[in-house]
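In terms of my numbering, the sequence shown opens at residue 3 and continues consecutively. C-beta: ideal position from N, C-alpha, C; glycine also.
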Amino acid sequence: MMTNWISATCEANNIRIHYTRTGGNKPPLILLHGLMTNGLCWSDLAGKLEQDYDVIMPDARGHGLSSQPNGKYRYGDLAEDINGLINALQLTKPSLLGHSMGGMTAAVLAGMEPAMLGGLILADPTFLSPRMQQEVYSSNVFDQHRQMLTMSFEEIVADGRRRHPQRPLHIIETFARARLQTCMDALDILRPPNPDYKELVRHMKIPGLLIYGDKGVVNTILATELRILNPHLAVEQIPGARHALHLDQPELFYKAIKSFFDAIETRHIH
């Protein structure tokens, strides 16, 4: 895995966007990570998907090896970055899979440029009520991250092993590295208000799948409500998964996205 992956940057939306890419003449699939992680945090999933897809894993602004501009960390900015990346790499109808912050970014981009995209998977996106947005913003998340940035890589890995004893070490290390590469400004994405996710879902024009776990941001009540707003939105719950679905239940997560994308491919062929 990763032997012939490409690590590169492109200029888009007035910043430098770093991305990792599996390559090959295959349908393009862009994976959008969550807050305080980076593109490489998708490595295990990309290893499974690279046989069938040209997987592109960008680092969001303020994360990984991408630019850390002053200000401009709203969902509209992140969506414009991906729009710019798609144009810079001349990708034809890429599909998007976004987790958490990446899920909301994907939903915003789908609202801006539906004709540009093939399909859309929202993995426990940050579809928070205004009250919850305020709670998160007022929480100690900023202090926690500021504290983390003073810690060594080894300390963060030790902390990760303590909190997630069941996770493989290489995953904990990848996430620790990503954490240290996240600038404080990036957390401004948490400042309310978020885009109106109900409006975004209502007007979604491309094939979409919402995946959520037993305990995360999205629950069954919200998933059902979104399904009513847009009957074209498929919904799947992954048992035994919390917010980090792809880490908690990697096999079930892979199966869910693979069958969704296979169904889209079939539709395109017929």
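- The continuous alpha helix (DSSP H) containing LEU202 extends over residues 199 to 204.
- The straight-line gap separating the alpha-carbon atoms of HIS147 and LYS28 is approximately 38 Å.
- Collapsing the DSSP output to three states places SER97 in a strand.
- Comparing C-alpha distances from GLY26 to each of ASP54, GLN183, THR5 shows the shortest one belongs to ASP54.
- Rounded to whole angstroms, LEU182 and HIS172 show a C-alpha spacing of 16 Å.
- Membership of MET134 in the alpha helix (DSSP H) is indicated by the continuous run 132 to 140.
- With a beta-carbon spacing of about 6 Å, PHE262 and ILE123 fall inside the 8 Å limit used to define contacts.
- DSSP places ALA236 in the uninterrupted beta strand (DSSP E) bounded by 235 to 239.
- Collapsing the DSSP output to three states places VAL57 in a strand.
- Between PRO96 and LEU80, the CB-CB gap reaches or exceeds 9 Å.
- Restricted to the region 164 to 219, the alpha helix (DSSP H) segments that are unbroken, complete and at least 4 residues in length are 171 to 182, 199 to 204, listed in chain order.
- Of all alpha-carbon atoms in GLY210, HIS35, SER45, LEU34, the one lying nearest the alpha-carbon of ARG229 is that of GLY210.
- Take GLY218, set aside five residues on each side of it, and the residues of its chain with a beta-carbon closer than 6 Å to its own are ASP126, ARG244, HIS245, in chain order.
- Rounded to whole angstroms, the gap between the alpha carbons of ASN6 and LEU33 is 18 Å.
- Inside the region 22 to 76, DSSP marks whole beta strand (DSSP E) runs of 3 or more residues at positions 30 to 34, 56 to 60, from first to last along the chain.
- Here DSSP, grouped into helix, strand and coil, assigns ALA265 to helix.
- By the Cβ-count criterion, HIS205 is exposed, with fewer than 16 other Cβ atoms from all chains shown falling within 10 Å of its own Cβ.
- For GLU227, the enclosing alpha helix (DSSP H) has its first and last residue at 222 to 231.
- Using a Cβ distance threshold of 9 Å, GLY104 and ALA62 count as a contacting pair.
- Under the DSSP assignment, LEU111 falls in the alpha helix (DSSP H) whose first and last residues are 103 to 114.
- For the options GLN92, ARG269, GLU82, LEU91, the alpha carbon positioned closest to that of MET106 is the one of GLU82.
- Of ILE208, LEU111, ASN15, the smallest CA-CA separation from SER69 is found for ASN15.
- Going by DSSP, LEU249 is part of the alpha helix (DSSP H) stretching over 247 to 250.
- Looking at the backbone, the Cα of LEU254 and that of SER141 are separated by about 32 Å.
- For ASP145, the enclosing alpha helix (DSSP H) stretches over residues 143 to 150.
- LYS207 is the residue among LYS207, ASP250, ARG163, MET153 whose C-alpha sits nearest the C-alpha of GLY113.
- With contacts defined as CB atoms closer than 9 Å, LEU37 and LEU189 qualify as a contacting pair.
- Secondary structure note for THR11: its beta strand (DSSP E) is the uninterrupted segment 8 to 14.
- Here DSSP, grouped into helix, strand and coil, assigns LEU87 to helix.
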